[in-house]
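For the record, the sequence lines run as chains A and B. Residues 1 to 151, numbered by this note's numbering, are exactly what the first sequence covers, in order. Residues 1001 to 1356, numbered by this note's numbering, are exactly what the second sequence covers, in order. Beta carbons: idealized from backbone N, C-alpha and C, even for Gly.
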Amino acid sequence: MHLPGSNSFYNFSVVLHVNVVSWGILAYTLRLDDELGAVHKPALIDESHPYRFWLWQAERQTFYASTELSNVSGHVPRLDYDSFAPFRVIRKLPRAKLDSLAHLLMKAFYDLDASQLCCMYNPIKIPTNLLFKRLDRAINYANEVALRSAK
Amino acid sequence: MIKRTAGLWLRVAIVKLKKYIIAQPLADETLSSWMWRVNSTTPRPVLSHIRFSSPDGEIVTRDTLGIQGERFADRDLLVGNTFMEAIMQTFDISEPWLRKHFPGFTQPTVPCQFRRAFCSQCFMESYQQIGIPVSKVQWCYLTKPLCELHGVPLHDSSIMFIAHDDYTVQALVAYWDDPNFKKNCDLIRDAGRMKNALALKAQRRLHNVTKRASRSGESFKVQMFTLTLMRAMLMPALHHAYPKIAFDYWGGTHPYTKLGIYGDFYQEIYRSTCLARLYALYYSAIALGWVSTKQAHSTLHEGYFSPTSVDQIWSRLDKSPGLVRLILSELKLYETSFLSIAGLEIPSRIRDRYDA
């Protein structure tokens, strides 16, 4: 990410609000957070824990609360299973569907052709407006495919 | 009366002269290269005038524009090209004429901010013939890392296309004026003669297949099928098989960044060096069965750790979690009667596991 007047940084989180029946994405929020310095990959989904975005959505309030609490106590928040209570709920979601959704999102986020890439001078520094465009593109693509498969 | 007639004749002569002065585009010449040639013939160069006469009286640098995320128009395309109107007015050129001579790209291209490939022999020849170097459209194509005319690997200029309106001239000067750079280019060219020859063979075969597929409107799919294989071959799982120099001077300010499997797979090829794309094409040719194991064995003295068989390639790729699934799902999108997954010699254990 590159914000005018500040240093570039690479971390952002996207919280998705998903209808798990139709597998359509209803809404998302983008969260830029300097504190999450441990992850150095501009990814929607952390590959080591592919279900993490579900965890954030499922227990968003708890997550924010725990992060704030940790910030107050000076303790760096750790994003692991301890931070998220309803892990058992996640396991009930069909793995194939989750994998497919993750694949569609990641493909549409990264699979840009040369003319689309022309907008970017440097792929490491993604200007904010471009990031929103790419997120919208990824979510629209995933929703289109979900809609097609539902028919 | 005589004066008026003479004036009319003079005007006609000037119009004729104007038309005569416009340099005709050479075969396969890029729009930006031709624009600079034409631009150089005027007393007041059009491109520089537009570039440096901003209304605020200050020159906005391209870096600033880039970081602000404003759009970069590709100077090799007619669409969105800020110079086109001025060029058309100044030289009295019609749009259909331009569209006929510069129809745009027909294959997946290197984005303009990373474009820097050139063939030094082509540069020299055009310089000798017309006194100014000329850039070619084929150098912009991702699946063409070798010069079609001379059959030699393209080089990466130390000058970026995006940074200079007279990129072609700057690239020739930078190549010619720096003895070390020139020497390095020659050394790279001579280092892998066998692999270069096999990659050229693959490039020509792909060119022929694309040509045949274009009759049924499937040329894009054929190109993308090969590009997908090249993307796979550029993944870190096979980096040990590349010379280290192939990853030097990677496009942008960062080296190969390892953005994760999707970022690497889809995006790194756009800023790769010509040498990296040459190796990727060569390994893709092995995967496609266009280069036999025996032929690949004959290149071992040029790189002992290079994979020489289809089996070795897929085994290495299979060690990265999720990669083979991603490759196969992408290849499925671009299958045609010319190139298909069934036609690839994928080992049966991998076929069975991924249901390919």
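- Not flagged as an interface residue toward chain A: Thr1143/B, since no C-beta distance is shorter than 8 Å.
- Against chain B, the beta carbon of Tyr110/A has neighbours under 7 Å at Tyr1262, Gly1263, Tyr1266, Gln1267, listed in chain order.
- Close CB contacts of Ser1033/B within its chain, under the 7 Å cut and outside five residues either way in sequence, are with Val1134, Ser1135, Thr1168 (chain order).
- The three-state reading of DSSP puts Val18/A in strand, counting E and B together.
- With three or more CB-CB distances shorter than 8 Å, the stretch 1230-1247 of chain B counts as touching the stretch 1256-1269 of chain B.
- Judged by DSSP secondary structure, Pro1179/B falls within the alpha helix (DSSP H) whose first and last residues are 1179-1191.
- Annotation for Val1222/B: the continuous alpha helix (DSSP H) segment containing it runs 1219-1233.
- Of all alpha-carbon atoms in Pro94/A, Val21/A, Ser100/A, Ser22/A, the one lying nearest the alpha-carbon of Gly1322/B is that of Ser100/A.
- According to DSSP, Pro1145/B shares a beta bridge with no other residue.
- The DSSP-derived three-state label of Asp1264/B is helix.
- At a cut-off of 8 Å between beta carbons, Tyr1242/B makes no contact with chain A.
- Around the beta carbon of Tyr1249/B, fewer than 16 other beta carbons lie within 10 angstroms, which makes this residue exposed.
- Note on Ala1163/B: under 16 other CB atoms within 10 angstroms of its CB, so exposed under the neighbour-count rule.
- His17/A and Thr1041/B have their C-alpha atoms roughly 60 Å apart.
- The beta carbon of Tyr1127/B does not come within 8 Å of any beta carbon belonging to chain A, so the residue lies off that interface.
- Contact annotation, Val1038/B with Ala1023/B: C-beta distance approximately 6 Å; criterion of less than 8 Å satisfied.
- Between the beta-carbon of Ile1327/B and that of Glu1335/B there is about 13 Å, and that puts the pair past the 8 Å contact cut.
- Per DSSP, the beta bridge partners of Lys1136/B are Glu1029/B.
- The stretch 1106-1120 of chain B and the stretch 1079-1087 of chain B do not touch, with fewer than 3 CB-CB distances between them shorter than 8 Å.
- Look at the beta carbons and you see the stretch 1282-1301 of chain B touching the stretch 1198-1208 of chain B: at least three pairs across the two are nearer than 8 Å.
- Contact holds between the stretch 1185-1195 of chain B and the stretch 1150-1158 of chain B, because three or more Cβ pairs, one in each stretch, are under 8 Å apart.
- For Ser100/A, the enclosing alpha helix (DSSP H) stretches over residues 95-110.
- Identification of chain B residues near Leu117/A by a Cβ-Cβ cut-off of 7 Å yields Pro1111, Tyr1270, ordered along the chain.
- If you ignore the 5 residues before and after Phe1338/B, its C-beta comes within less than 6 Å of the C-beta of Val1209, Ala1213, Val1222, all in its own chain and listed in chain order.
- At a cut-off of 4 residues, the continuous stretches assigned as alpha helix (DSSP H) that sit fully inside the stretch 1286-1344 of chain B are 1293-1297, 1310-1318, 1323-1333.
- Interface annotation, Ala146/A: not in contact with chain B, CB-CB separation never under 8 Å.
- Per DSSP, the beta bridge partners of Phe1118/B are His1155/B.
- In the structure shown, Tyr28/A falls within a strand segment according to DSSP collapsed to helix, strand and coil.
- With a cut-off of 8 Å on Cβ pairs, the stretch 1258-1265 of chain B is in contact with the stretch 105-112 of chain A, counting three or more such pairs.
- Between Pro1255/B and chain A, the shortest Cβ-Cβ separation is not below 8 Å.
- Burial is judged here by how many other beta carbons sit within 10 angstroms of a residue's own beta carbon; Val21/A has fewer than 16 and is exposed.
- Around Glu1148/B, the same chain offers Gln1138 as residues with beta carbons nearer than 7 Å, after the five sequence neighbours per side are excluded.
- Per DSSP, the continuous alpha helix (DSSP H) segment holding Phe1091/B begins and ends at 1084-1091.
- In this structure, the beta-carbon distance from Phe1123/B to Leu1047/B does not fall below 8 Å.
- Ser1126/B carries a helical assignment under DSSP once its states are collapsed to helix, strand and coil.
- Around the beta carbon of Lys1258/B, a 10 Å sphere encloses fewer than 16 other beta carbons of the protein chains shown; the residue is thus reported as exposed.
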